[in-house]
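Numbering (UniProt numbering), first residue to last: 1 to 594.
One structure is given below, encoded as structure tokens.
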Amino acid sequence: MLVTKKLSRGVLLSKLFWRRFCPNCRKRRKNGANLNEESERRNSSNSRLEKCWSRKLSMETQKTKKEALILGKPIKEWAFWIIVAFLASLTIKDIVNLVTEYCKHPKKSDMSVRFNETMKMPNITFCMSREQAWSHFKLNSTENKQLWDKTIATQLANMTKKEDFLSKQWDYRIVMETYNLISTLTSMERETTAHGTVASIEKYNTQSRLEEIRKLSKFWLEEIQKRQVNFEEFVQKVGKETLRRSLQRFQRTTYDEDEVISTQLKITWLSQVQLCFQPTFDEANYKTIDDQGQFFVMSLSHNAENLDGEQIDCMTADFHGRPSSTSRFMGSKGITKDGFTDELCLGMMHETTVDVKARYKMLPNKEEGTACADLEDDNADTEWDCHLRCRLEFIRNLCQCTAPTLSYLIGPDKEEKELKEWPICDYEKCKVNVQGRNYSDEDCTKKCFRSCDQIRYNIDHERKGKSMRPDLTTVVLKWDSFEYLTMEQDWVWSVTTFIAALGGSIGMWLGLSILSLIQGSTYLLTYIEQRVAKRKINKMEENEQETPPTKPPKNHLEDNKRKYSKTSTTTSLEENKLAANPFASPFNKKTNQK
């Protein structure tokens, strides 16, 4: 049919062309030639033209048949879908591998060398034995208890206000008595396990040899309460009064002779074994280390006569700021002796050179062997404070009170509120029974992790010989190199990079994009909704055929009228402009033929 139409058009066009442009015809028309002869000539030319057109169309038809045999429409469609299936399998494989890798949360490490112009002041903690700290106290063995108590009462009568109590110098009797009290409470609350704490509280209440300690505890807790002194201020005062007789120089130094840096003292540990302290600075006096060489000096004196013949432990220095030398064994297992020296012996001059060997910044995790927490927040507890906070909560649950030596963990902003609910402990009121029970705070301490920001130090200690004074111990700290190795962990994948890689895998093989996925999802949703709607309509028609039709009321018909937007999923696929099949075959498109 199509061939006939084309042929007739060609013949018609040829006739019109012949009549209009043939020069002989124009001449004959001008000369008045016979019309019959002219028509015969036209018919003969038309027949020749028709034969030419038919021959050309037959050749084109044969060519089309040959092409259809080689690359026909079915073969092209099969080839198209085979290629799509192959590329889709590659895409699915890449996506599965990508998602699997993302779910494993892989990490990467970047290593570099850091060159600094300045270094921060390290958090140093010095510890000395109790015997060395008490060497200046001259005990009179002939002094009776009444004179001892009278001396203490007389001095307390002159310190009725908080300011006087914390600023005036104390008699050595007050220092020794309060030191014994605090060290006993420290042993009960901090220097043992949770089960050991319960056992110590039970002994504290039942053993007669501790009667004097129980009286001292009640007496001094009442005295500081009268003067509105909290227990942490009490500990700081006792520790500083103990060190006052020993500390000759405790100074942050620079190469600028005119610069004077105010160095304050903070007590971090007070027990029967040792007294620990560290230098602190306010905001105005905190200075970075700008030059290599000496940056801190400490000189301590002791009474050599009182220590004659006794074996005294050497002092220690911890550049990680741990509160005591024993705290290294109370936190996480496997802590190295990094940044720690215990060779600061009495009567010697010591020179300790320190620098940073490496700094490791790991990502927070709870995996065994690498567990750590992000402690950059100022309010975040260190690993050691976290363990002590667990002990604080353990004693609160046990005795419904706050452990005195752990009360500093509350903080000044919450102190008043929490001490009303859990007052400072009077352990005589805490009745416990340790027999047949096993107490533990591991459920809390297992949540305590070391910091993810770890620093490793190089320490070179050198003894410079004996001091010119046999009762003087001098420690000079020097900084060596300002460069160190850094290694920082980071996630291989972020949400943005993962989505970008996912889009790259989809677009690599199938040429899809986010818009294609949206169109495909809309198309699929519309298609499913149409199928469901069609089933419902068919079911309703079947029900109408089974039951006689009833005319619904007019209002009911009006209520059922709904208007749909062009993007509504209830419209047809042709009407929904957003819906599109991204995998539609290009060979199924309809062409308008006239």
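C-beta atoms are modelled at their ideal positions from N, C-alpha and C, and glycine is treated no differently.
Treat the numbers as computed from the prediction; the structure is a model and nothing was measured.
Worksheet item: Between residue 288 and residue 133, is the Cβ-Cβ spacing less than 7 Å?
Response: Cβ atoms of residue 288 and residue 133: not closer than 7 Å.
Practice prompt. Count the CB pairs spanning the region 247-266 and the region 434-445 that are closer than 8 Å, and state whether there are at least three.
Written response: no
Worksheet entry | Burial state of residue 82 (16 or more Cβ within 10 Å) | exposed
Practice prompt. Would you mind working out which of 106, 110, 398 and 92 sits nearest residue 359, comparing C-alpha positions?
Written response: 110
Practice prompt. Below 7 Å CB to CB, which residues in the same chain sit around residue 239 once its five sequence neighbours on both sides are set aside?
Written response: 267, 270, 275 and 277
Discussion item. Any contact between the region 116-133 and the region 473-484? By contact I mean 3 or more CB pairs, one from each, below 8 Å.
Written reply: yes
Item to complete: Take the Cβ of residue 346 as the centre, count every other Cβ of all protein chains shown within 10 Å, and call the residue buried at 16 or more, exposed below.
Response: buried
Worksheet item: Name the DSSP beta bridge partners of residue 320, please?
Response: Note: residue 320 sits in a beta bridge opposite 123.
Worksheet entry | 8 Å contact criterion, which residue 373 and residue 449 should meet: CB distance rounded | 4 Å
Discussion item. Helix, strand or coil for residue 279? Go by DSSP, reduced to three states.
Written reply: Under the three-state reduction of DSSP, residue 279 is assigned to strand.
Practice prompt. Assign residue 147 to one of two classes, buried (16 or more other C-beta atoms within 10 Å of its C-beta) or exposed (fewer than that).
Written response: exposed
Fill in: Test item: CB-CB of residue 404 and residue 185 under 7 Å
yes
Worksheet item: Skipping 5 residues on each side, what residues in its chain have a beta carbon closer than 8 Å to that of residue 350?
Response: 343, 344, 461, 462, 463, 464, 473, 474, 475 and 476
Worksheet item: Is residue 324 buried or exposed, if buried means 16 or more other CB atoms sit within 10 Å of its CB?
Response: buried
Worksheet item: Do residue 338 and residue 245 come within 7 Å of each other at the CB atom, strictly closer than that value?
Response: The beta carbons of residue 245 and residue 338 sit no closer together than 7 Å.
Discussion item. According to DSSP, is residue 88 part of a helix, a strand, or is it coil?
Written reply: It is helical.
Worksheet entry | Cut-off 8 Å between Cβ atoms - residues of its own chain near residue 253, not counting five sequence neighbours on either side | Taken in chain order, the residues that qualify are 261, 294, 295, 296 and 297.
Worksheet item: Could you check where the alpha helix (DSSP H) with residue 158 kicks off and where it finishes?
Response: Secondary structure note for residue 158: it is in no alpha helix (DSSP H), with a DSSP letter that is neither H nor E.
Worksheet item: Is the region 387-396 touching the region 515-531, taking contact as three or more C-beta pairs under 8 Å?
Response: no
Discussion item. Would residue 443 and residue 301 qualify as a contact pair, given that the criterion is a beta-carbon distance under 7 Å?
Written reply: Contact: no.
Fill in: DSSP three-state assignment for residue 149, whether helix, strand or coil
Three-state result, residue 149: helix.
Fill in: 7 Å Cβ cutoff met for residue 272 and residue 183
yes
Worksheet item: Using the beta-carbon count (16 or more within 10 Å), is residue 354 buried or exposed?
Response: buried
Worksheet item: Around the C-beta of residue 420, are 16 or more other C-beta atoms found within 10 angstroms, so that it is buried, or is it exposed?
Response: exposed
Worksheet item: Between residue 540 and residue 515, what straight-line distance do the alpha-carbon atoms span, to the nearest angstrom?
Response: 37 Å
Worksheet entry | residue 385 - DSSP class collapsed to helix/strand/coil | helix
Worksheet item: What does a CB cutoff of less than 6 Å around residue 212 pick up in its chain, not counting 5 residues either side in sequence?
Response: none
Discussion item. I'd like the span of the beta strand (DSSP E) that includes residue 353, first residue to last.
Written reply: 348-361
Discussion item. Report the CB separation of residue 313 from residue 129 in whole angstroms; it is logged as a contact under 8 Å.
Written reply: 5 Å
Item to complete: Taking only the alpha-carbon atoms, compute the straight-line gap between residue 290 and residue 258 and give it to the nearest angstrom.
Response: 15 Å
Discussion item. Looking at the secondary structure, which residues open and close the alpha helix (DSSP H) in which residue 224 lies?
Written reply: 211-226
Worksheet entry | Integer-rounded CB distance, given that residue 307 should sit under 8 Å from residue 117 | That pair is no contact at about 45 Å.
Item to complete: Go through its chain and collect everything with a Cβ distance to residue 136's Cβ below 6 Å, but skip five positions before and after it.
Response: 245 and 303
Discussion item. Going by the DSSP bridge assignment, what does residue 115 pair with across the sheet?
Written reply: 483
Fill in: alpha helix (DSSP H) segment containing residue 180, residue limits
Unbroken alpha helix (DSSP H) run through residue 180: 172-189.
Discussion item. Can you list, in chain order, the residues of its chain with a C-beta nearer than 6 Å to that of residue 458? Leave out the 5 residues immediately preceding and following it.
Written reply: 355 and 357
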